[in-house]
Amino acid sequence: MKYDRRNATSSWSGYNHQGKVGIFLALTELRKLVEKEEDYSSYELILEKNGGEDVEIFQAQTVVSRHQVKAKKAGKYPNDYANVRTINSRLHPTGYQTSGTNRNNRFLHVICEVRGWDMDKQTFQQTYKRAAYVPNQSQVQLYTYPDGKKYCDLVVDNQSPIDNFCKNEIKEILKFSKSSLVDDIEHIEEILSEIKDLISRQIVQSHSNGNGAYSVISFQEIFNIITSQAKRQRQSIRRAKLSLEMYWNNIVEDDVDTTVINQILNLPDDKFEQLLTDLHPDGDISGSKRLNDIGRLIDEISIEYILYNFLKTCKQERLSLDSLRYNLNHESLRLSMIHAPKGAESRVRDKIMTNESFIRASFDTDYLINLCINGKKFFEEKPIHEDGKEKLLAGALGEEKNIIFSNNLEYIDYVNTVEKLKED
Numbered sequence: 016m017k018y019d020r021r022n023a024t025s026s027w028s029g030y031n032h033q034g035k036v037g038i039f040l041a042l043t044e045l046r047k048l049v050e051k052e053e054d055y056s057s058y059e060l061i062l063e064k065n066g067g068e069d070v071e072i073f074q075a076q077t078v079v080s081r082h083q084v085k086a087k088k089a090g091k092y093p094n095d096y097a098n099v100r101t102i103n104s105r106l107h108p109t110g111y112q113t114s115g116t117n118r119n120n121r122f123l124h125v126i127c128e129v130r131g132w133d134m135d136k137q138t139f140q141q142t143y144k145r146a147a148y149v150p151n152q153s154q155v156q157l158y159t160y161p162d163g164k165k166y167c168d169l170v171v172d173n174q175s176p177i178d179n180f181c182k183n184e185i186k187e188i189l190k191f192s193k194s195s196l197v198d199d200i201e202h203i204e205e206i207l208s209e210i211k212d213l214i215s216r217q218i219v220q221s222h223s224n225g226n227g228a229y230s231v232i233s234f235q236e237i238f239n240i241i242t243s244q245a246k247r248q249r250q251s252i253r254r255a256k257l258s259l260e261m262y263w264n265n266i267v268e269d270d271v272d273t274t275v276i277n278q279i280l281n282l283p284d285d286k287f288e289q290l291l292t293d294l295h296p297d298g299d300i301s302g303s304k305r306l307n308d309i310g311r312l313i314d315e316i317s318i319e320y321i322l323y324n325f326l327k328t329c330k331q332e333r334l335s336l337d338s339l340r341y342n343l344n345h346e347s348l349r350l351s352m353i354h355a356p357k358g359a360e361s362r363v364r365d366k367i368m369t370n371e372s373f374i375r376a377s378f379d380t381d382y383l384i385n386l387c388i389n390g391k392k393f394f395e396e397k398p399i400h401e402d403g404k405e406k407l408l409a410g411a412l413g414e415e416k417n418i419i420f421s422n423n424l425e426y427i428d429y430v431n432t433v434e435k436l437k438e439d
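Under the numbering used here, think of the first position of the sequence shown as 16, with each following residue one higher.
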């Protein structure tokens, strides 16, 4: 039997219709497997295989389904797809590759309605007298899309229907994977773009290799892209930076030094995330990191009243971003974005005492800057805080006994902070 490779052209990518159909088919099959909690590790999406068709879904060495994709705007009748309705052979080298398949897993994908595809000869000739009848020797079906149509328009209302089908499948996979980002439209769109990029790279590589090479993308690769947290973490940090920049720009005055805020916005992702963590020593940051929602730490009130007033008034060269420490002539302050109300000093202290990095960085600090609490000592005279100060005094955190948390640490609100900075 003679095989030909009719579709091995450089125009293929994850962004043209053929490539997007392949992505949709893989996502649909993957979603079904995930939904049924079945193993998908041996499943693959194969494109442009010699001896196959445009798109194939394989499980190990078995063809799950085979698909040819035609983007003919004028393909209204079966005769426009005559080669698909014949079987590949020496006499018909462009016929459909039926080897390894049956009538239930052979499909054609089209972009407009094809009339009379499933009609017998007599019915077709009576219905469409001016169109030529071509028997469906290959027994290929028109693929039925989720909207019930046996075709998929390239564009409807400035949107790509095949892209929307893909995004719906991604959303379902996220749902079954119990992802917190299942309703994040931007996140789903970025997943689809990343899968398209993967397909495009694979196609370019196979064309470059030549000698009958074809593109193989495992379902595991696709699933990993959908469920990966690394990219989502970068998205979360980017959104946090954009929020900080927006809030700052809304309040900044012409004569305010922007050196430090620019340094903050230009920090690498890991250092920016650490800075947000350090600015919220009383917060449970692990939950935000797990949900890729570090941006919730960007609080407009804290930025306007604490951060802005502090940077507006201080000598910015005295602030260390690494420790958030600011040195006056005889005193030191530690910047934070704590915005708990008055009377919450004990609750804030209890939360902070579980934050080892804050304790180490602030053991000799005099004032803890925050929004509302003022004039209260961090440690009460009695009783000694059982899980915090006592452990430090005993060296439980690995510090020398003479290097302990400051007994003199005092809360200072943003109003009194500004007054103290003005006096310096």
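For every residue, glycine included, the Cβ atom is placed at its ideal position computed from N, Cα and C.
Counting along the chain, no alpha helix (DSSP H) covers residue 425; the unbroken beta strand (DSSP E) around it starts and ends at 425 to 428. Separation of residue 349 and residue 57 (C-alpha to C-alpha, rounded to the nearest whole angstrom) is 55 angstroms. Between residue 381 and residue 346 the beta-carbon gap is near 5 angstroms, inside 8 angstroms, which marks them as a contact. In the DSSP assignment, residue 139 falls within the alpha helix (DSSP H) that extends over 136 to 142. For residue 242, the secondary structure class from DSSP, reduced to helix, strand or coil, is helix. One thing to note: residue 30 has its Cβ within 7 angstroms of the Cβ of residue 211. Annotation: the continuous alpha helix (DSSP H) that includes residue 287 extends over 284 to 294.
Contact check between the region 122 to 131 and the region 86 to 94: three or more CB pairs, one atom from each, fall below 8 angstroms, which counts as touching. By a beta-carbon distance limit of 8 angstroms, residue 317 contacts residue 354. Their separation comes to about 5 angstroms. The C-beta of residue 296 has 16 or more other C-beta atoms within 10 Å across all chains shown, which makes the residue buried. If you compare the alpha carbons of 291, 117, 110 with that of residue 98, the shortest gap goes to 110.
Boundaries of the alpha helix (DSSP H) harbouring residue 222: 200 to 224, taken from the DSSP string.
Look at the beta carbons and you see the region 423 to 434 touching the region 322 to 329: at least three pairs across the two are nearer than 8 angstroms. Between residue 282 and the set 249, 269, 265, 271, the nearest pair of CA atoms involves 249. Measuring C-alpha to C-alpha distances from residue 184 to each of 438, 41, 427 identifies 41 as the nearest. Here DSSP, grouped into helix, strand and coil, assigns residue 73 to strand. Rounded to the nearest whole angstrom, the C-alpha separation of residue 311 and residue 50 is 32 angstroms.
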